[in-house]
Every structure is written in structure tokens, then in C-alpha cells.
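For the record, the sequence lines run as chains A and L.
Under the working numbering, the first residue of the first sequence is numbered 1, with each subsequent residue one higher.
Under the working numbering, the first residue of the second sequence is numbered 1001, with each subsequent residue one higher.
Number of protein chains: 2
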Amino acid sequence: MGAVQARMETVLQRLLPRSEIVPERLHRAMHYAVLGGGKRVRPLLAFAAGELADADPARVEIVAAAVEMIHAYSLVHDDMPCMDNDVLRRGRPTCHVEFDQATALLAGDALQPLAFQILTEHVVADDPGAQLEMLGILAVASGSRGMAGGQAIDLASVGKTLTLPELELMHIHKTGALIRAAAVLGARCGRGLDARQFGRLEHYAKTVGLAFQVVDDVLDCEASTATLGKTAGKDAAQEKPTYVSILGLTRARVLAGELRAQAHAALSTFGAKAARLRELADFIVLRKF
Amino acid sequence: MGAVQARMETVLQRLLPRSEIVPERLHRAMHYAVLGGGKRVRPLLAFAAGELADADPARVEIVAAAVEMIHAYSLVHDDMPCMDNDVLRRGRPTCHVEFDQATALLAGDALQPLAFQILTEHVVADDPGAQLEMLGILAVASGSRGMAGGQAIDLASVGKTLTLPELELMHIHKTGALIRAAAVLGARCGRGLDARQFGRLEHYAKTVGLAFQVVDDVLDCEASTATLGKTAGKDAAQEKPTYVSILGLTRARVLAGELRAQAHAALSTFGAKAARLRELADFIVLRKF
């Protein structure tokens, strides 16, 4: 995990426009948003899924960087005053606090096309047609029927009582879409997976994505701001429906364990090549931050 | 022009997610931002450049829609309180006034990947490799070295005295990059243009883009809010450097005429196929709104 995280820091640094280039302040804000932190869960998933398909890591690092840029932009915009209005992220001031709101808005706006740009400038598939399809997968996962849509469902749910299926629907869009894209795109950098195997990988990614969110909700309730590097107890304060608010802490923990088991089951036919994916499911559920 | 504008309304309507689909409010905001107005200057340029290269209009309408979605998202974000804080656009309340800031932010965020998505789902070039390149052109034009970068330069210039070259640099990024992309992508839908001809087309697009901005500054100073459909006199009120503040009204008008002549000169070797591009240069300079 440490090796992938270190590699991503180097790769992202290389793919971002240098901060001495005009407009400097915008480029500095983009660096600030992307570099120096984060668990890099999506890149880890991309690399682990890449191993499943014997993908060239030089390809996987590009799709991982593209997914991570989309993720980083979404955090910048989500933290803004008109959204979650948060001041702390990854143990540092959020982008609009460190810079200003207009710069944070533009940094997010500029990270998004950069994610697509790098997928046109580097070879990540055997032929351009397959690469176009991969670009489409990232675009759909980022848009109104994916991550941005999940954010909108989240907004609409503040102060409401959601059922468990409604909460799940929100998370399948808000975080699940991009997590699934990370896994699928990592595997698409390689070859040899058939449609059924892709189906299993997607099922794995879906359960892992939900598990990630359940654990996030548990940690938001249990852990301290210092451990998390972001404001703890925020969900309850903002009256956001969470797995903990619907299920209670104990049943939420049980659900996380069940999802972990489901993730492992989805990988059962893959053998040793899925070792990293299994480890990642364990990490996502057992993490303390 | 009316035919292209009507066609774009239909095409954009078809390419946007239907507003009855979840999340409905987000989809309504996306429709509001994109449909029902605008001069459609960028689509007009794409179609006119497409005629130069005998491009299939069924391809051109897709690249025109992608460019227009990027343009529409940028207007939504530019109008937000942390940016220009404007309440009127195309004669209607701006998106964040009609909906709310969070929804406007997300509508812009979701329009951007949709622009890239449609360029992966529709054939706009003879081979997927060429199509990937076209996608890259749009991504670069939208990003920190294009439109978003120009917006950042604009922010940094408020309250400052700019020289004419500095002002030009800002506009070449802020509006010029996407205008150039519209023309280049329109022509790329067809075939037969060589590198020199593309050079001339880009030069045309650059001068037309600057002319558009000079005329915008003149109109902001001269015309009424009712005629413009957006708040008039805003530049002076916000202490933004403009062609009028640097050159004065008379010399700004002269400059617009010179740029129009340059645009025509760039097209001189093209003959009858450039008729629409010539008309468009005239429209951009002679328009009253």
C-alpha cells in the first residue's frame, strides 16, 4: 500500500501543471487539492484490479491518477461553504480556506478536464477505441448519474429520514460510482477478463464501496477529529442520514463485516491474482481512520 | 443562424438526461443552464468551420453540443456569489438564484463530464484515435491552461491596471480557448484541411474570439440590461479591466473593426466554403446584444 501511495504522489505531481506556470495561484491550489495526503483508496483499487488482469502498471498509474483527480476535485467542491462548509480535510485547512472560494471553485473545475486530458495523452489500452470507452466510463461515473448525482441526492436528504435502501442508493452514486470506475478501469488496462469476471469485479467494487461508507459513518461517530484528519461528528451535527443514524452503531459494524464477507465471496473464483483486492477489502473495513 | 440555433436546442435537449430522472432537481438545473437561450456563438462557429471541411452536420452537432455544455457550465459557476455574483443571465435569474448555490455548483460539475461523455458515445471522427485527439483538444481548452485558467487570471486582475497585452492574454484563455476549440473541432469532424489551413482557421478563431470580447466590453458600457439580458455596466462597477477602460470607447470600436478585417484576411484563400465563417465574423462585431 505504501508503495502505491508513494508512486501516486510522484505520478500526480508529474501530471499536474507545474505551479510556476501561469496562472500560478490556480496551479498551486490544484497541487494543494491533489497532493500530500489521502488514503488513495481508488488508486489502490485500480492497481489491485490491474493485477487481476496482468495490467501494465505504467497504464494503471494513469487511470488511477485520472480517478484520483476527479475524487480530489469533488472533495474541494464538497467542502465549500455552499455545500458541506468544512474547514478541515486530510489534517489541513480545506482548499477554500487555504486559498479562497473562487480559487477553490476554479481548481476543482480545472482538475476535472485534466483527468480526461491525461486519458487522451497516454496509452492505457491496446487500441484507441477501447481507450475511448474507458474515458466514457470515467465520465459517466463522474456525472449526474454517478458521483455528482449522488452529491445532489445527499443534499436533498439532509434533515430527512431515509430508509436503508434510499441511503444505499445515495452512496452507490456518491462514492460507489467512482470506486467502481477505479476497479473497472484498472482491470481494463490489462486483458483477459471475460464479461462474467468483470461482473464479479464490479460486484466486489460495489460491496467494497458500500463497506467504505458504512465504516466512514462509524468512524465519524467514534473517532476523533485528530485521528480522521477531518471534522468528526459532522454527520450528526448536520442532521445527515447515515448508517449509524439508521441502524445504530452495533448493527452498522455488523453490516460492514457482512459486506467484507460479500466482497471476498465475489473474488472466490479468482485465486491468487485477487490477493491485493482481498487485502484491500480487509483494510477498508478494519481501518481506524 | 436561426436554423443552427433551433437545431442546437433540439440536440442539447436530446443529449441532456431527462429531468424526470433522479436526481430530478439536478437535471432540471442542468436543463435550465443549457437550454432556452444564448447566441450559440460556439456552435455557430463549429458548424461554419465544419462547412469548410465538408463535415457531416450529424457529427458537428455533437462537438457543438459538447463545447456548449462546457460554456454553459462556466457561466453557471462564473455567476455564483464567490465569483462574479450575478443574478441575471440571458434575461432570466442565474442558476444559483433560480435553484440554489449547491445545486448550481453541482449542475456545472455534472455538465462538464457530460460534454466528454457524449464525445465517447457518438462517432465524430473517421477513427477512434482521431476522436481521442478531439476529446483532448476540448479538455485542454477547458482546463487550467485554457478557460478555467483565463477565469483565474481574470480574478487576479480585479482592481489592477492591466496593459493591453495582459488583457489580451486573459481573454485568449478565458473565452478564446473554447472559441478556438469550437472552430477546430467543427473542422475536424470533416476532412481535407491540411496543417496550414488549420493554422489559418485557428488564426481566424483567435481574432474572432478577441473581437467578441472587445464588442462585449463595448456593449457592457453602451447597451442596457434589457437589451443584453445580463447586468449592464457590471465591468466598471466591479473595477474589472476591459478594452474600454484601457482604450476608451472609440479606440475599442476601432480595434473591433480591425480584428474583423484580420478575421476576413485569415479566410482569404478558402473561397466560397468560408462564407459562413465570414458572416459570423461580421455578426460578432456588428451585433447589438
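Don't be surprised by glycine CBs; every beta carbon is placed ideally from N, CA and C.
Keep in mind the model is a prediction, meaning the values are calculated, not measured.
Rounded to whole angstroms, what is the Cα-Cα separation between residue i and residue j?
i	j	result
Arg1251 (chain L)	Val1244 (chain L)	8 angstroms
Leu1194 (chain L)	Gly36 (chain A)	The sequence shown places Asp at residue 1194 (chain L), not Leu. Distance between the alpha carbons of Asp1194 (chain L) and Gly36 (chain A): 45 angstroms.
Tyr73 (chain A)	Gln1238 (chain L)	28 angstroms
Gly100 (chain A)	Gln1013 (chain L)	Going by the sequence as given, residue 100 (chain A) is Asp instead of Gly. Spanning the two alpha carbons is a distance of roughly 35 angstroms.
Asp1109 (chain L)	Val67 (chain A)	15 angstroms
Thr227 (chain A)	Gly91 (chain A)	9 angstroms
Ala1181 (chain L)	Glu98 (chain A)	33 angstroms
Gly176 (chain A)	Ile153 (chain A)	13 angstroms
Leu45 (chain A)	Phe1270 (chain L)	52 angstroms
Glu51 (chain A)	Gly190 (chain A)	8 angstroms
Leu201 (chain A)	Lys273 (chain A)	12 angstroms
Pro81 (chain A)	Gly1199 (chain L)	44 angstroms
Leu1249 (chain L)	Leu1219 (chain L)	10 angstroms
Ala1223 (chain L)	Asn1085 (chain L)	20 angstroms
Ala1064 (chain L)	Leu247 (chain A)	48 angstroms
Glu1024 (chain L)	Ile1118 (chain L)	20 angstroms
Phe1283 (chain L)	Lys234 (chain A)	53 angstroms
Glu346 (chain A)	His1096 (chain L)	Missing from the structure shown is residue 346 (chain A); chain A here goes from 1 to 289 and no further.
Val1022 (chain L)	Met1147 (chain L)	30 angstroms
Ala1130 (chain L)	Met1001 (chain L)	28 angstroms
Pro113 (chain A)	Val158 (chain A)	30 angstroms
Tyr32 (chain A)	Ala1156 (chain L)	18 angstroms
Thr120 (chain A)	Val1140 (chain L)	10 angstroms
Val76 (chain A)	Ala104 (chain A)	6 angstroms
Arg1253 (chain L)	Asp1217 (chain L)	10 angstroms
Val1087 (chain L)	Val124 (chain A)	44 angstroms
Could you round the C-beta distance between residue i and residue j to whole angstroms and report it? I think they count as a contact, below 8 angstroms.
i	j	result
Leu1277 (chain L)	Leu1267 (chain L)	6 angstroms
Val4 (chain A)	Leu111 (chain A)	About 20 angstroms; that fails the 8 angstroms criterion.
Lys1160 (chain L)	Pro1093 (chain L)	Wrong, their Cβ atoms sit about 31 angstroms apart, outside the cutoff.
Leu164 (chain A)	Pro1128 (chain L)	Actually they do not touch by this definition, with Cβ atoms about 42 angstroms apart.
Met30 (chain A)	Ser1144 (chain L)	7 angstroms
Leu973 (chain L)	Leu1015 (chain L)	This structure gives no information on residue 973 (chain L), because the portion of chain L shown stretches from 1001 to 1289.
Leu1138 (chain L)	Leu135 (chain A)	Leu1138 (chain L) to Leu135 (chain A), Cβ: 11 angstroms. No contact.
Which word fits residue i, buried or exposed, when buried means at least 16 other C-beta atoms lie within 10 angstroms of its C-beta?
i	result
Arg287 (chain A)	exposed
Arg18 (chain A)	exposed
Phe289 (chain A)	exposed
Lys230 (chain A)	buried
Glu20 (chain A)	exposed
Asp56 (chain A)	exposed
Gly1186 (chain L)	buried
Arg1089 (chain L)	buried
Arg1196 (chain L)	exposed
Asp1126 (chain L)	exposed
Ala1102 (chain L)	buried
Val11 (chain A)	buried
Ala1058 (chain L)	exposed
Gly1038 (chain L)	buried
Ala236 (chain A)	exposed
Which residues in the same chain have their Cβ closer than 6 angstroms to the Cβ of residue i, if we skip the five residues on either side of it in sequence?
i	result
Cys1221 (chain L)	Val1244
Gly149 (chain A)	His173
Ala48 (chain A)	Arg276, Leu277 and Leu280
Arg40 (chain A)	Gln5 and Met8
Gln1162 (chain L)	Per the sequence shown, the amino acid found at residue 1162 (chain L) is Leu instead of Gln. Once the five neighbours on either side are set aside, the close Cβ partners of Leu1162 (chain L) are Pro1241.
Thr1207 (chain L)	Leu1259, Gln1262 and Ala1263
Ala115 (chain A)	Ala66, Met69 and Ile70
Arg1293 (chain L)	Given a span of 1001 to 1289 for chain L in the structure shown, any question on residue 1293 (chain L) remains unanswerable.
Arg188 (chain A)	Met134
Please go through the same chain and pick out, in chain order, the residues whose beta-carbon is closer than 8 angstroms to the beta-carbon of residue i, but skip the five residues on each side of it.
i	result
Val285 (chain A)	Ala211, Val215, Ala256, Gly257, Leu259 and Arg260
Gly1192 (chain L)	Ala1053 and Asp1054
Tyr1204 (chain L)	Ala1183, Ala1263, Ala1266, Leu1267, Leu1277 and Ala1281
His171 (chain A)	Gly150, Gly209, Leu210 and Gln213
For the alpha helix (DSSP H) containing residue i, name the first residue and the last one.
i	result
Lys234 (chain A)	Lys234 to Ala237
Met83 (chain A)	Taken as a continuous stretch (DSSP letters only), Met83 (chain A) belongs to no alpha helix (DSSP H), as it is neither H nor E.
Pro1128 (chain L)	Pro1128 to Ser1142
Ile284 (chain A)	Ala275 to Leu286
Met1001 (chain L)	That residue, Met1001 (chain L), is in no alpha helix (DSSP H); it is neither H nor E in DSSP.
Arg1180 (chain L)	Ala1177 to Arg1188
Gly150 (chain A)	Met147 to Ser157
Arg251 (chain A)	Leu249 to Ala266
Ile1118 (chain L)	Gln1101 to Glu1121
Arg42 (chain A)	Val41 to Leu52
Arg200 (chain A)	Ala195 to Glu222
Can you give me the Cβ contacts of residue i inside the same chain, cut-off strictly under 7 angstroms, excluding the 5 residues immediately before and after it?
i	result
His71 (chain A)	Arg42 and Leu178
His1122 (chain L)	Ile1062
Glu1168 (chain L)	Leu1210
Asp78 (chain A)	Asp84 and Gln151
Verify the CB distance criterion: does residue i have a CB-CB separation below 8 angstroms to chain D?
i	result
Gly1037 (chain L)	Checking the listed chains, one finds no chain D in this structure; the protein chains it contains are A and L.
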